[in-house]
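Throughout, the numbering used here is defined as the position within the sequence shown, counted from one, plus 211.
C-beta: ideal position from N, C-alpha, C; glycine also.
Since this is a predicted model, take the numbers as computed values, not measurements.
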Amino acid sequence: MPIISDIHCYHCEEDKPGGGSVSLSSTKIICQDCFESDYVTCYGCDEVIESNDSITSPLGDSFCQSCFDERFFSCEDCSNIFSLANSFSTANGYSICEDCYSNNYFDCAGCDQIFSHDDGSYLEDGSYCDRCVERSGR
């Protein structure tokens with residue numbers, strides 16, 4: 212972020228002679244006061260974005276929407292935010308966290324997909340989704 216002086220702030224629309232500023236683009240420059248109170252720098256791409264448009268990670272870092280989506284997900288069960296590296300994808304395409312997976316889901320012994328405990332049965336040789344149970348005729 213280059214620091215320049217003698218600017219007209221894009222955000223507060225005030226002239227700031229001699230004050231430090233932050234360049235949002237070649238045509239949008241904000242004063243240091245507005246940057247500190249209303250903007251953050253995306254932890255992923257270093258772009259300056261408005262605080263209202265940022266998303267805070269579980270570790271407290273600010274991200275723009277696209278960088279956040281590349282790194283995190285919201286668990287379909289508990290709605291908490293987690294790193295994508297710790298996600299499990301269910302048979303119906305939902306992303307769930309490790310805790311919810313351990314407590315509420317199982318790997319089907321027939322098709323190796325992840326299902327909710329409500330969508331399967333435990334048989335003598337393992338847990339199976341309803342579809343695999345039906346196919347096996349058990």
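Rounded to whole angstroms, the gap between the alpha carbons of tyrosine 254 and glycine 337 is 44 Å. Serine 232 places its beta carbon less than 8 Å from that of isoleucine 241.
An exposed status is given to threonine 238, since fewer than 16 other beta-carbon atoms sit within 10 Å of its beta-carbon. Shown here, serine 332 sits in a strand according to DSSP, grouped into three states. When the Cα atoms are used, asparagine 263 and lysine 227 turn out to be separated by approximately 24 Å. In the displayed model, serine 347 falls within a helix according to three-state DSSP. Serine 298 has its alpha-carbon roughly 27 Å from the corresponding atom of valine 251. Judged by DSSP secondary structure, serine 285 falls within the beta strand (DSSP E) whose first and last residues are 283-285. Its Cα nearest to that of glycine 331, the residue Cys340 stands out among Ser313, Ser273, Cys340.
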